[in-house]
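S.K.:
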Amino acid sequence: MAELGTAPTEPPRPASLGKSLVACGGINKWNEFHPNLKQIKKTMDASCTATSVAEALKEIKGLMSLGHNIMAYLYLRVLFNKDLDLYYSTLAAEPALLLPVAYTPTVGEACQKFHLFPQYPRGMYLSLTDRGNLKASLKEYAEVMLPKNEDGTYDCECIVFSDGGRILGLGDLGVSGMGIPSGKLDLYTVCGGFNPKKTIPLMLDVGCTDSSGNSAGLTIRDHPQYLGLKQDRAKHKSEAGTLVNSCYYGKDSFILEFMTAATELFGKGCLLQFEDFNSNDAFPLLAEYREKFLTYNDDIQGTASVAVAAILGAIKIQKPETTDLIAEARKMTYVFHGAGSANLGGALLLRDEGGVPGAQIFVTNSKGIIWMSEDGKSGSFRNNEQKAVAQVGEPMFDSKDLVEVIKQIKPDCIIGAVGRAPNCFNKAVVEEMCKVQEAKKVPARPLVFALSNPKSQAECTAEDCYKFSQGKAIFGSGTRFEPVTLDGVTRDPGQVNNFFIFPGMSYGCMRCQSKTIPERFFMLAAEAVANSLSADDIKFESVVPNPANIREVNLNVATAAVLGAEELGIAGKHLVPNDPKNAAKVKAELLATMWQPSMTGDGLAERSAADFGTCGNLEPKDGEH
């Protein structure tokens, strides 16, 4: 074990650290040079004396009792650096308590204050000023931080990377967004079985907007302790008319150089996950690189997948005997209220992979139902992504009025992901959803999903939905609501969060060395989540599984991804060579290789890989469902 709180011996890392750290001579000199950082580090190191899970929990809970979790977040950073196995054993002991500290929602504040914290070795920065030499930068980090294979190559299974352009709902925080990829990888480990020693949290340092670019108006880029380049992002208008980061496009694309360097150094089976890019860049970058690398964008695809999983789960609640949930979904009509990446992704997944006719899928923006002319040259769409879900022809009614939309469209399901319209699913909306269902030949229960978060932005609360519908509606939400008892019946609404999707999706694709991650996989993942519903989930009308079973659910998702790769012939490795499409054998092989910490104290030695990482209720980040 390293001396308490000290960083491992490492070279200065001039190519893989933030530019301010490099200028100061490295991490340790940076922490020593700034008196405030030196004092904070000294205080936090002194607070972290635990050598067992029980001791760590006691120290963390003591800090949390102060009512402000940022100190507990700092403690966890010290603990990670001190003893990785103890860190993950502690997270696994009480994940419902600690994952919201290690990741969302606490990580949002941590990113806003990241430049005010002492720095530690984990986490890599690729600077725009090192363009043309990114492979050397990656190699520098790998030499210090990654294990090696027997042949001397570096063993890296996954890189979660961001440019800080849209950190949660907080705006542009630049490289101060490092807390996001590192926190996301904690969920990869706890929920999905990734070995944390073989992963890289990475920030692309391509500039940062001034205080006007973040929601709180904070001085981030221009603070003396900001770690990255103190310059604006260079942007231009794309063909779609949106502002995009110029360095990501053209023959000298910074993204392409990074992704190419990563696959050359770590192999094509190293998964590269986009995280928290501005949506103007997120969609075109995904379209450009999804067929060239093992990559996906969780904000778009993972969120879409879990939304569809919730729809399938609601069908299962109504028809538990149904064996083909997607066939039932094709019979339904949908209104997606809000045209951000979550709803656009969900609508396209239902249409393109679920086979739901486009005429049964309606998406709204601030102008009402999105439509276009027959020639596609005009309409109410704002970008190409909205145009892809547009109905042909302008509605002949006031489609800004949500009640009128429901009267005219008669949807079976309404999905809200507006983000800035709390309580827009009011009594009139929910009652109209009930009326249109009751008037149908075969009445069904209306499905109401309020996916915006945090709670203050939810389109409807669970209690209101059940009361407004007199218990008829099936409800799901992006944030956690407590169980509601109405007329003697208790319902426990499901928290529709993509932590049910991305850990398993990534683990399965990495393990079978899938060549790409097709959209088909996200429909398979949605089915896997819905089919993981237990009898109790159905009884209490939870549209997604209880998060206490999060690793088992992600194991099912990973299995579905591997079988999908086998089905499409894109698996680079057969997990079960003699029987590659045997679901039970594939699942067993995945389970056997899931990482768990080597900590043996506090009874953790008896925990299986499936038990490690069982979670309670986790709060999502803004924009994550």
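When we follow full-length UniProt numbering, the leftmost residue of the sequence shown carries the number 1, and every step to the right adds one. Glycine is no exception: its CB is placed at the ideal position from the N, C-alpha and C atoms.
At which residues does the beta strand (DSSP E) containing alanine 450 begin and terminate?
M.R.: 447-450
S.K.: Taking C-alpha atoms, which residue in Pro422, Ala359 and Tyr296 lies nearest to lysine 410?
M.R.: Selected option, being the one with the closest Cα: Ala359.
S.K.: Which runs of the beta strand (DSSP E) fall wholly inside the region 184-243 and span at least 3 residues, in chain order?
M.R.: 199-205 and 235-237
S.K.: What is the DSSP secondary structure of arginine 491, reduced to helix, strand or coil?
M.R.: strand
S.K.: If you measure between the beta carbons of leucine 447 and phenylalanine 425, is that distance less than 9 Å?
M.R.: Cβ distance not < 9 Å, so leucine 447 and phenylalanine 425 don't count as in contact.
S.K.: Counting only the same chain and skipping the five closest in sequence on each side, list residues whose C-beta sits under 6 Å from that of glutamate 385.
M.R.: Cβ-Cβ distances below 6 Å link glutamate 385 to Phe283 and Leu344 in the same chain, with the five nearest sequence neighbours on each side left out; the list follows chain order.
S.K.: Between Tyr249, Glu239 and Phe293, which has its C-alpha nearest glutamate 264's C-alpha?
M.R.: Phe293
S.K.: Report yes or no: do the region 565-579 and the region 328-342 share at least 3 C-beta pairs separated by less than 8 Å?
M.R.: No: the two stretches stay apart, fewer than three of their Cβ pairs being nearer than 8 Å.
S.K.: Starting from the C-beta of alanine 314, find all residues in its chain whose C-beta is less than 6 Å away, skip the five residues before and the five after it, and write them out in chain order.
M.R.: Leu447, Ile474 and Val543
S.K.: Give me, in chain order, the residues of the same chain whose beta-carbon lies closer than 6 Å to that of leucine 604; leave out the 5 immediate sequence neighbours on both sides.
M.R.: Since pLDDT at leucine 604 reaches only 47, below the 50 mark, its modelled position is unreliable, and the value read off the structure follows with that caveat. Around leucine 604: Ser89.
S.K.: Below 8 Å on the Cβ atoms is my guess for serine 341 versus serine 279; work out the distance and round it to an integer in Å.
M.R.: 5 Å
S.K.: Which class does tryptophan 30 belong to by DSSP, given the choice of helix, strand or coil?
M.R.: Tryptophan 30 falls in the helix class under three-state DSSP.
S.K.: Assess contact between the region 159-169 and the region 193-212, defined as three or more Cβ pairs (one per stretch) separated by less than 8 Å. Is contact present?
M.R.: yes
S.K.: Helix, strand or coil for threonine 406 per DSSP?
M.R.: According to the sequence provided, residue 406 is isoleucine. The question's threonine does not apply to it. In this structure, isoleucine 406 counts as helix in the three-state DSSP scheme.
S.K.: Flag this pair as yes or no: are the beta carbons of aspartate 298 and phenylalanine 502 separated by less than 9 Å?
M.R.: yes
S.K.: Are there 16 or more other CB atoms within 10 angstroms of the CB of threonine 479, so buried, or fewer, so exposed?
M.R.: buried
S.K.: Given a threshold of 16 other Cβ atoms within 10 Å of its Cβ, counted over all protein chains shown, does glycine 376 qualify as buried or as exposed?
M.R.: exposed
S.K.: Can you grab the Cα-Cα spacing for the pair valine 356 / cysteine 512, in whole Å?
M.R.: C-alpha of valine 356 to C-alpha of cysteine 512: approximately 30 Å in a straight line.
S.K.: Quick one: what does DSSP say residue 629 is sitting in, helix, strand or coil?
M.R.: Nothing about residue 629 can be reported from this structure: the residues present for the chain run from 1 to 625 only.
S.K.: Using a threshold of 9 Å, state whether the C-beta atoms of asparagine 498 and serine 182 are closer than that.
M.R.: no
S.K.: Indicate whether at least one CB of chain B lies closer than 9 Å to the CB of valine 160.
M.R.: Absent from the structure: chain B. Only one protein chain is present.
S.K.: Rounded to a whole number of angstroms, what is the C-alpha to C-alpha distance between glutamine 112 and isoleucine 60?
M.R.: The C-alpha of glutamine 112 lies about 22 Å from the C-alpha of isoleucine 60.
S.K.: Could you compute how far the alpha carbon of threonine 104 sits from the alpha carbon of alanine 110?
M.R.: 10 Å
S.K.: Kindly indicate which residue of Leu134, Asn195 and Lys316 has the alpha-carbon position closest to the one of leucine 146.
M.R.: Asn195
S.K.: Look at the Cβ atom of residue 693, then the Cβ atom of alanine 525, and state whether they are nearer than 9 Å.
M.R.: As displayed, the chain neither begins before 1 nor continues past 625, which places residue 693 out of reach and without an answer.
S.K.: From this set, Val557, Gly177 and Leu97, which residue's C-alpha is nearest tyrosine 188's C-alpha?
M.R.: Val557
S.K.: Can you tell me which residues form a DSSP beta bridge with threonine 485?
M.R.: Thr490
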